Amino acid sequence: MKRRDFLKIGSAATGAMLVGGAVPAEGAEKVKPASEGVGVDGYVKEPSRKIPVIASCDILVAGAGPAGFAAAISAAREGADVILLEMNGFLGGLWTGGSVLPLNCMEARTGSGWKQVVYGVADELAVRLKEMGMSIQPGRSPIVDPEATKHLMRLMVKEAGIRVIYYAKACEITKSGDRIESVLIESKSGRSAIKAKYFVDTTGDGDLFYWAGENYRYVKHHIGAMWRVGNLQEDNDHGSMTPIKGVGLMHTNGEYDQDGLDVFNMSRLNDSLRQYMWDKTQELRSKRGCEEAFLLETPPMLGVRVTRVLDSLRNVSMTDALENRTYDDVVGIAGVDIDVEIDGNKHIVSERPQWQIPLRALLPRKTPNLTVAGRCFGYEHDITYDAREIATCMVTGQAAGAAAARALLDRSAVQATDPAKVQATLRSQGVKI
Ligand SMILES: Cc1cc2nc3c(=O)[nH]c(=O)nc-3n(C[C@H](O)[C@H](O)[C@H](O)COP(=O)(O)OP(=O)(O)OC[C@H]3O[C@@H](n4cnc5c(N)ncnc54)[C@H](O)[C@@H]3O)c2cc1C
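Heads up: take any position in the sequence shown, counting from 1, add 182, and you land on the numbering used here.
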């Protein structure tokens, strides 16, 4: 397929794939459920109450997936006092908690082959996992072991002096003017608040920018699962293996057009996907070398690909990527997935150059002390596959953390941050831009 043809199809697909869109005025939206799909059976009134402030910091990073991890490390390495907030009891988000083990998008495809384009925190992790013998490279993307990845992320977060608060779900924000003042959390300690000067939204679902009243695109996508099976023989017909001997990886794309923020839909999918994982693992036993296979783990997190995507100061697109668009405020070089998505299906195209991520794609339009990274930063639908892969999430995370740290030093709005200073910070952290 020629680039020209692809662009035509890609932009047609973009229009067709969008659902939802910009939110209505702040306030009106606040009393609505998070998702249009959730039925509402009347309302109850929550009594107003005082919320205790249990911690404060310079920069609060909400969500400890690949993006949040990289953001926290980046900001802490610049001397900021960082809290990393996570509703689960482990680091890594979908990478470790969704068994999404292939680290995609470290590379880009030129005419002659693939070359590594992602460096910085993502590369540090990849190298250290390889040194531990906890990543294998059967194809282009390394496949990691989730427990080793969780362990290493925890060590790196400790090394950087980051405070991690686990089992705490951000459930609202308070504001002072346009600025976010605190994030309210719900945990077994009750509802409480954490104050910070700057915030990074790496929740994957854009929870913070949603509460802040930013505009966004609402996407329904495939919701599927990846899971691990044990007891595979060295020589087997299944194929996808992990670094642990005898442990393989399975995958289903799942149903398309699924709402990842609708609690009833997620409950339904949770049930059907866990049944599917069980059944498929039994079927696997009919393959050679898999006769003794068993279901080792259904992952804690279901495979929600995309929900809210920020309407940023500059949303990047596949057209930008394929036309090698460059930006004065570039803060990340991203690699590519093997395929591109057209009408919800993957297609292979031959030219997939590296692409640039501008700082503006990580910046909301209104909130002066918030940056956004990971699968909910500002991009168009046609580049979804490249934009939300794990390496890209770490690229945007590292940049969003560096931008917040820079704004903190300059006491400026993130939108007024000097991109050259953010670039200098990132270069000093080993990022190649
Ligand atoms: C089925 C499936 C297969 C995939 N396959 C691949 C693949 O092979 N290779 C690849 O590179 N990528 C793959 N991806 C994409 C990739 O896994 C994700 O896009 C990536 O992990 C997103 O990283 P993130 O940090 O933005 O968000 P997430 O990984 O979703 O992390 C978000 C974190 O924030 C936490 N969080 C969310 N809300 C709150 C809150 N309110 N308060 C506190 N914490 C919160 C979550 O618990 C989580 O830890 C796949 C995705 C899916 C669903």
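Cβ coordinates follow ideal geometry from the N, Cα and C atoms, glycine included. Everything numeric in this text was worked out from a predicted model, so none of it was measured.
Taking every protein chain shown into account, the CB of K297 has fewer than 16 other CB atoms within 10 angstroms, so this residue is exposed.
With fewer than 16 other beta carbons inside 10 angstroms of its own, Y349 counts as exposed. R310 and G224 have their C-alpha atoms some 52 Å from each other. Note on geometry: alpha-carbon atoms of T331 and P248 lie some 10 Å from one another.
The count of Cβ pairs closer than 8 Å, one atom from the region 578-590 and one from the region 494-508, stays below three, leaving the stretches out of contact.
Here Y301 is near V613, since their CB atoms are less than 9 Å apart. Within the region 496-581, the complete alpha helix (DSSP H) segments at least 4 residues long are 500-504 and 566-569, listed from N- to C-terminus.
Under the rule that a run must span 4 or more residues, the alpha helix (DSSP H) segments found entirely inside the region 359-402 read 389-393. DSSP places M288 outside both helix and strand once states are collapsed to three, so it counts as coil.
In the assembly as shown, P546 is a buried residue. Its beta-carbon has 16 or more other beta-carbons within 10 Å. Exclusion of the five residues before and after T553 leaves V382, L544, L545, A582, A585, A586 and V596 as the residues of its chain whose Cβ lies within less than 7 Å of its Cβ. Separation of L451 and I405 (C-alpha to C-alpha, rounded to the nearest whole angstrom) is 8 Å. Relative to ligand 1, even the nearest heavy atom lies 8 Å or more away from the CB of C239.
With a threshold of 8 Å, the Cβ atom of R322 does not count as near ligand 1, since no heavy atom of the ligand is closer than that.
Pairing F446 with G221, the inter-Cα distance amounts to about 9 Å. Counting only residues of its own chain and dropping the five nearest sequence neighbours on each side, T384 has a CB closer than 7 Å to the CB of V243, A244, G245, G247, A249, G250, A253, A555, G556 and G579. For D389, the distance from the CB to the nearest heavy atom of ligand 1 is below 8 Å.
The C-beta distance from I265 to C287 rounds to 28 Å, too long to meet the 8 Å contact threshold. In this structure, the alpha-carbon of D389 lies about 29 Å from that of D510. Non-local C-beta neighbours of D493 in its own chain, meaning closer than 6 Å and more than five positions away in sequence, comprise N397 and Y398, ordered along the chain.
Remark: the C-beta of E329 is outside contact range of ligand 1, defined as less than 8 Å to any heavy atom. Residue state for S449 is assigned as helix, using DSSP reduced to three classes. Within 8 Å of the C-beta of N452 there is not a single heavy atom belonging to ligand 1. Taking C-beta atoms as the reference points, S374 and P234 count as a pair closer than 9 Å. Bounds of the alpha helix (DSSP H) holding A606 are P601 to S610.
Taking the Cα of M483 as reference, the smallest distance to any Cα among K370, G442 and D461 is reached at G442. Rounded to whole angstroms, the separation of the alpha carbons of E228 and K357 is 19 Å. Judged by DSSP secondary structure, L242 falls within the beta strand (DSSP E) whose first and last residues are V235 to A244. Assignment of F251 by DSSP, reduced to helix, strand and coil, places it in the helix class. Looking at the backbone, the Cα of A258 and that of D419 are separated by about 45 Å.
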